[in-house]
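Asker: What follows is a single structure, and I will ask about it in a moment.
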Amino acid sequence: MIMTSTITSDTIVKFDSVIKKFGAFVAVEETSFDIRRGEFLAIMGSSGCGKTTTLRMLAGLEDPTEGNIYLDGERVNGKATWDRDTPMVWQSLALFPFLTVQENVEFSLKMRGVGKKERAERARIWLEKMQILEFADRNISQLSGGQRQRVALARALVTEPKILLLDEPLSALDAHLKVRMQAVLSNLQKDLGITFVYVTHSMSEAFSMADRVIIMSRGKVEQIGTPQEIYHKPKNTFVAEFLGSANIFNGTLSDVAGNNWTIDTDYGSYIVHPEGDLAKQTGEALSFIVSAENIRISDASSSAGGIIARAIGEEFVGASATVYFETAIGQEIKVQKSHHELAALNFATGKDYALTWDSAACYVLPQS
Amino acid sequence: MSLPLLFWQVAFFLAPLIFLIAISFWTVRNFQMEPDLNLKNWERILTRGVFWDAYIRTMIYATVAALFTSLIAFPASYAISFKLSDKTRQWVVFLLIIPFFTSYLVRVYSLQVFLSDAGIINALLSKVGIPTMAMLNTPFGTLVGLVTLCLPLVILLQVFSLGFVNRDLVEAAHNLRCGRLRTVLQVIVPSARVGIVIAALFAFILSFGDFVSPLYLGGGNPPTLSIMITDITKSGQQWPRASVVALMMISTLLVIAFAAIKFAYRERGK
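Protein chains in written order, with the numbering used here: chain A, 1 to 368; chain B, 1001 to 1270.
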């Protein structure tokens, strides 16, 4: 990853060759990236990928083993969390059960020595904003999951920080509430115009809210980009597999003729058109992906050619359906079609079909 | 399942308690107890200044022992819970259980060796030129004994309650600009309140009813309530009057325990 070494005013956070080790275990491998002022950045990956450690280093709850972290132009290595202005919303929310809702929200103002009257006023403004003013005098245990979420947000935002850190704050909510809180968070971030750094393992959360997404795996940043970029142009097969939205075909580069590359796969040779600065020699391993909506289904008996695969299942997704096929060598292939198209095909599971696609629908990427 | 338990409670707790209440109304004639329904024992005890002096003295001992023990136990409990590795913590908890292997009476006797006028502490003090102090047979002696009695238990109870303090809350407080010491007072103590209060309550109960320290380290004079009970029974078989004192102690402990638990579990907000 190429990084600019200067810190512009657009950059609020800079990770510069940061490494975090716990004993011999490397939680975060050498990582460099910038966070832009006012953006909603999601850090996404499965558990143990280092995403939470990255966030905790930013919050000052962990110190990097190597490298530098800059916050608003200042190097913050070794600076205690209570000296930074990086409030965090915990996965467990970490609300103080021995304080009332309002006292929770007032907490950090109290720690800064803000007077009692002003504290109450400012806390009530945020309770109002989060639509929980009526619960101000309640005990935390009397609130619902969604209301607690709002208390946690109000508590973190009451000091009007420039950046808010969120560590999987929605994971304890049910699906319906999750979607509602996503909207709350999204709107909040737009209204306040401050930077949100949001750690999650959920692709739907990351992609629906974030301006940019960082995909991490085993302590490494795999890709940084907008949801669109990552979805359509995953950087390698790990990212493609992690997103799970496309079909991956692994093979070997056998021929390069200008922009027409030939990849030999288990299903035969395919011509693909690589994008960007892929530097590969013939004989090297290379893959391409075809997204589920770009695959055509025909009768196995037709002259379409392509891969012959057996339909093994069907899943309804609103107006369309995702159909699962299994090839002769056991690879699963997903295809997305409208119910209308499937009906026209007389589609039935257990039958063999031919699967084809245009070479323009293939996106070439290195194997990881 | 609950029937044998009920039987147990009735046979070994409720019945003796009812018996104790009943005796407090009996009379003693010629060193013989006779069943009666007489308020004279109550009147006799509750109108005597010597009883109330002992009552207040016992209260002060128990309160000071509970508060002082809790106070000196807390830094130790905090260090054990937050600063030690899991493995070291197991060893320390194990070591805290060891004092219970020895009889409390034996420990008090050995404390006499330390506290007496010609004892170890005074010998050491005189070596550095500090004049000897009377420690044995003083209220100080009593309190040393009570603190020795309660300290390991209070530390253990505090350690267990601190073990349940949500570590996220500690980090959240730090993250919200609350420094280390302030977090202890603002977050850790309130989080562990139930355990801390119950530990202090245990220390209070143990000290309030203790007979050994006030007698062997405090000299037994002026008496605490438990010493008073033995004195009364020894002189003229006055079991009825002794049971009045005992019932006063039991009701005091019930009120204190109830208030302490109410306080420990009180909730904020509506």
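C-beta: ideal position from N, C-alpha, C; glycine also.
Only a predicted model underlies this, so the values are computations on that prediction, with no experimental measurement involved.
Can you round the beta-carbon distance between A:Thr282 and A:Ile271 to whole angstroms, since I take them to be within the 8 Å contact cut?
Answerer: That belief does not hold up - the Cβ atoms of A:Thr282 and A:Ile271 are roughly 14 Å apart, past 8 Å.
Asker: Would you call the CB atoms of A:Leu165 and A:Val197 closer than 8 Å?
Answerer: For A:Leu165 and A:Val197, yes; Cβs fall inside 8 Å.
Asker: So, helix, strand or coil for B:Phe1204, using DSSP?
Answerer: Three-state result, B:Phe1204: helix.
Asker: Starting from the beta carbon of B:Ser1085, find every residue of chain A whose beta carbon is closer than 8 Å, and list them in chain order.
Answerer: Within 8 Å Cβ-Cβ: nothing; B:Ser1085 doesn't reach chain A, min ~13 Å.
Asker: Put A:Thr282 into one of helix, strand or coil per three-state DSSP.
Answerer: Three-state DSSP puts A:Thr282 in coil, outside helix and strand.
Asker: What's the call for A:Ala313, buried or exposed, on a 16-neighbour Cβ count within 10 Å?
Answerer: Here residue 313 of chain A turns out to be Gly, not Ala, going by the sequence shown. Exposed is the call here.
Asker: In the DSSP assignment, the beta strand (DSSP E) including A:Asn260 goes from what residue to what residue?
Answerer: Looking at the DSSP string, the run of the beta strand (DSSP E) that includes A:Asn260 is 260 to 265.
Asker: How big is the Cα-Cα spacing for A:Arg56 and A:Leu153?
Answerer: Distance between the alpha carbons of A:Arg56 and A:Leu153 is about 17 Å.
Asker: My output table needs one value for B:Phe1258: the three-state DSSP class, helix, strand or coil.
Answerer: Correct three-state label for B:Phe1258: helix.
Asker: Starting from A:Ala175, follow the alpha helix (DSSP H) in both directions and report where the run begins and ends.
Answerer: Per DSSP, A:Ala175 belongs to the alpha helix (DSSP H) from 175 to 192.
Asker: What whole-angstrom Cβ distance do B:Thr1224 and B:Arg1057 have, given they're in contact under 8 Å?
Answerer: That pair is a contact at about 6 Å.
Asker: Which chain B residues are close to A:Arg112, counting only those with a beta carbon under 7 Å from its beta carbon?
Answerer: Within chain B, the residues near A:Arg112 are Arg1177.
Asker: With 8 Å as the threshold, decide whether the Cβ of A:Ala154 is near any Cβ in chain B.
Answerer: A:Ala154 does not count as touching chain B.
Asker: For B:Leu1181, count neighbouring C-beta atoms within 10 Å of its own C-beta (all shown protein chains included) and say buried if the count is 16 or more, exposed if not.
Answerer: Under this definition B:Leu1181 is an exposed residue.
Asker: Taking the straight line between their C-alpha atoms, what separation do you get for A:Ser217 and A:Gly45?
Answerer: About 6 Å.
Asker: Between A:Asp72, A:Thr31, A:Gly48, A:Gly50, which lies nearest to A:Glu66 when the distance is taken from Cα to Cα?
Answerer: Closest option to A:Glu66, Cα to Cα, is A:Thr31.
Asker: Looking at the unbroken alpha helix (DSSP H) that takes in A:Arg122, where does it start and where does it end?
Answerer: Residues 116 to 129.
Asker: 8 Å is my cut-off, CB to CB: does A:Thr81 come that close to chain B?
Answerer: Judged by the 8 Å Cβ criterion, A:Thr81 is in contact with chain B.
Asker: What's the C-alpha gap between A:Ser5 and A:Leu58?
Answerer: In this predicted model, A:Ser5 has a pLDDT of only 44, less than 50, meaning its place in the structure is not dependable; the value taken from the coordinates is given anyway. If you take the alpha carbons of A:Ser5 and A:Leu58, they lie about 19 Å apart.
Asker: Measuring only the C-alpha atoms, how far is B:Asp1231 from B:Ile1130?
Answerer: So the alpha carbons of these two residues sit roughly 38 Å apart.
Asker: With a threshold of 8 Å between beta carbons, is A:Leu164 in contact with chain B?
Answerer: Cβ-Cβ to chain B under 8 Å: no for A:Leu164.
Asker: Closer than 8 Å, CB to CB, is A:Ser46 near chain B or not?
Answerer: Not one chain B Cβ lies under 8 Å of A:Ser46.
Asker: Below 8 Å on C-beta distance, what does B:Glu1267 contact in chain A?
Answerer: Near B:Glu1267 (Cβ distances below 8 Å), the residues of chain A are Asn139, Ser141.
Asker: With a threshold of 16 other CB atoms inside 10 Å of the CB of A:Gln367, please say whether the residue is buried or exposed.
Answerer: Exposed: under 16 other Cβ atoms inside 10 Å.
Asker: Hey, which unbroken runs of the beta strand (DSSP E) at 3 residues or more fall wholly within the stretch 8 to 67 of chain A?
Answerer: Correct list: 11 to 22, 25 to 36, 40 to 44.
Asker: Find out if the Cβ-Cβ distance for the pair A:Ala309, A:Glu326 is shorter than 8 Å.
Answerer: Cβ distance < 8 Å, so A:Ala309 and A:Glu326 count as in contact.
Asker: A:Tyr267 and A:Ala300 - do their beta-carbons sit closer together than 8 Å?
Answerer: Taking 8 Å as the Cβ cut-off, A:Ala300 and A:Tyr267 do not qualify as a contacting pair.
Asker: What's the gap between the Cα of A:Ala136 and the Cα of A:Met88?
Answerer: Each residue's alpha carbon lies about 21 Å from the other.
Asker: Which residues in chain B sit within 8 Å of A:Ser421, going by Cβ to Cβ distance?
Answerer: Because chain A is modelled from 1 through 368, residue 421 of chain A falls outside the range shown and cannot be assessed.
Asker: Ordered along the chain, which non-local residues of its own chain (more than five positions away) have a Cβ less than 7 Å from that of A:Gly38?
Answerer: Cβ neighbours of A:Gly38 beyond the five flanking positions: Gly193, Ile194, Thr195.
Asker: Quick one: which unbroken beta strand (DSSP E) runs of 3-plus residues sit fully inside the stretch 1162 to 1246 of chain B? Chain order, please.
Answerer: With a minimum length of 3 residues, no continuous beta strand (DSSP E) run stays inside the stretch 1162 to 1246 of chain B.
Asker: List, in order along the chain, the chain A residues whose C-beta lies closer than 8 Å to that of B:Val1187?
Answerer: By Cβ distance, chain A contributes Phe96.
Asker: Just the Cα atoms here: how many angstroms apart are A:Arg212 and A:His176?
Answerer: Each residue's alpha carbon lies about 24 Å from the other.
Asker: Are the C-beta atoms of A:Met130 and some chain B residue less than 8 Å apart?
Answerer: It does not; no Cβ of chain B falls within 8 Å.
Asker: Please classify A:Lys370 as buried or exposed, where buried requires at least 16 neighbouring CB atoms within 10 angstroms.
Answerer: Within the shown structure, residues of chain A are numbered from 1 to 368, placing residue 370 of chain A beyond reach of any answer.
Asker: Tell me whether the beta-carbon of A:Asp167 lies closer than 8 Å to the beta-carbon of A:Trp90.
Answerer: Going by C-beta atoms, A:Asp167 is nearer than 8 Å to A:Trp90.
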